[in-house]
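Taken in order, these protein sequences are the chains called A and B. Numbering follows this note's numbering, in which position 28 of the first sequence is assigned residue number 92; successive positions increment by one, without gaps. Numbering follows this note's numbering, in which position 100 of the second sequence is assigned residue number 150; successive positions increment by one, without gaps. The block underneath contains the structure these notes are about, expressed in structure tokens.
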Amino acid sequence: GAGVSQSPSNKVTEKGKDVELRCDPISGHTALYWYRQSLGQGLEFLIYFQGNSAPDKSGLPSDRFSAERTGGSVSTLTIQRTQQEDSAVYLCASSLFGGVDTGELFFGEGSRLTVL
Amino acid sequence: DQQVKQNSPSLSVQEGRISILNCDYTNSMFDYFLWYKKYPAEGPTFLISISSIKDKNEDGRFTVFLNKSAKHLSLHIVPSQPGDSAVYFCAASPSGSARQLTFGSGTQLTVLP
Numbered sequence: 065g066a067g068v069s070q071s072p073s074n075k076v077t078e079k080g081k082d083v084e085l086r087c088d089p090i091s092g093h094t095a096l097y098w099y100r101q102s103l104g105q106g107l108e109f110l111i112y113f114q115g116n117s118a119p120d121k122s123g124l125p126s127d128r129f130s131a132e133r134t135g136g137s138v139s140t141l142t143i144q145r146t147q148q149e150d151s152a153v154y155l156c157a158s159s160l161f162g163g164v165d166t167g168e169l170f171f172g173e174g175s176r177l178t179v180l
Numbered sequence: 051d052q053q054v055k056q057n058s059p060s061l062s063v064q065e066g067r068i069s070i071l072n073c074d075y076t077n078s079m080f081d082y083f084l085w086y087k088k089y090p091a092e093g094p095t096f097l098i099s100i101s102s103i104k105d106k107n108e109d110g111r112f113t114v115f116l117n118k119s120a121k122h123l124s125l126h127i128v129p130s131q132p133g134d135s136a137v138y139f140c141a142a143s144p145s146g147s148a149r150q151l152t153f154g155s156g157t158q159l160t161v162l163p
């Protein structure tokens with residue numbers, strides 16, 4: 065498809081398990097972002113990839129969270145030893161370059177993570 | 051510390067009337083503002099934006115107003131339609147940097163037929 069694709073759309077896991085969330089950005093978009101939205105909260109920035117530059121990881125809440133982007137395209141967000149407070153919708157977005165003045169980020173539908 | 055605040059979690063308006071969604075910010079470095087709309091089970095989609103050099107931007111039924119002195123912006127939808135029912139997020143950034151976008155918590159708009 066032409067849009068940002070995320071998988072899985074829903075994931076239920078047990079506390080302490082590791083999870084991987086995948087994002088396939090729009091072809092040709094050099095910038096990729098991960099956000100999460102907890103219940104009743106706004107979108108919280110997690111990590112940003114721009115081309116071949118080192119990622120901006122400043123939004124990752126703990127060292128249990130990591131992300132990589134292979135070949136400048138697909139990205140995987142990994143959460144190790146999940147906790148109940150990790151339950152949220154994890155949203156991936158991409159944009160052509162990385163500047164907001166070109167218009168907007170294109171978001172995927174999100175991956176809803178529930179940690180029991 | 052919420053730098054972008056949407057104090058109304060929900061708003062209901064009658065079809066055909068005006069919807070006004072409000073957003074306040076605290077960071078004076080913010081100079082670019084956006085509104086996103088989100089339907090259930092979908093990602094947010096860009097709606098309209100405004101730069102701090104302007105105080106109004108209009109796109110069809112949607113108009114965003116910016117009051118820099120009050121650090122306040124609002125989204126007006128007129129006339130409102132049932133298809134406008136969604137969660138609306140306000141977002142702001144300094145220097146047009148998408149990396150530094152800060153989002154509000156959203157307002158659920160319901161347009162009643």
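We put the beta carbon where it would ideally sit given N, CA and C, even for glycine. These numbers come from a predicted model, not from an experiment.
So, helix, strand or coil for residue i, using DSSP?
i       : result
D127(A) : coil
Q148(A) : helix
Q131(B) : coil
Q114(A) : strand
Q150(B) : helix
N77(B)  : coil
N57(B)  : coil
Does residue i come within less than 8 Å of chain B when only Cβ atoms are used?
i       : result
G172(A) : yes
V68(A)  : yes
L107(A) : yes
G104(A) : yes
E168(A) : yes
Would a check of beta-carbon distances place residue i closer than 8 Å to chain A?
i       : result
G156(B) : yes
L84(B)  : yes
P94(B)  : yes
F80(B)  : no
F112(B) : no
The beta strand (DSSP E) with residue i in it runs from where to where?
i       : result
P144(B) : A136 to P144
T134(A) : Per DSSP, T134(A) belongs to no beta strand (DSSP E) and is neither H nor E.
I68(B)  : I68(B) -> no beta strand (DSSP E), and no H or E assigned at all.
S175(A) : S175 to V179
N117(B) : F112 to N117
L162(B) : T157 to L162
Counting only Cβ pairs nearer than 8 Å, list the residues of chain B close to residue i.
i       : result
L155(A) : G93 and P94
Just to make sure I have the definition right: I need the residues of chain A whose C-beta is within less than 8 Å of the C-beta of residue i. Which are they?
i       : result
F115(B) : In chain order: nothing, as chain A lies at least about 19 Å away.
Starting from residue i, follow its DSSP beta bridges and name the residues at the other end.
i       : result
V153(A) : Q101(A) and R176(A)
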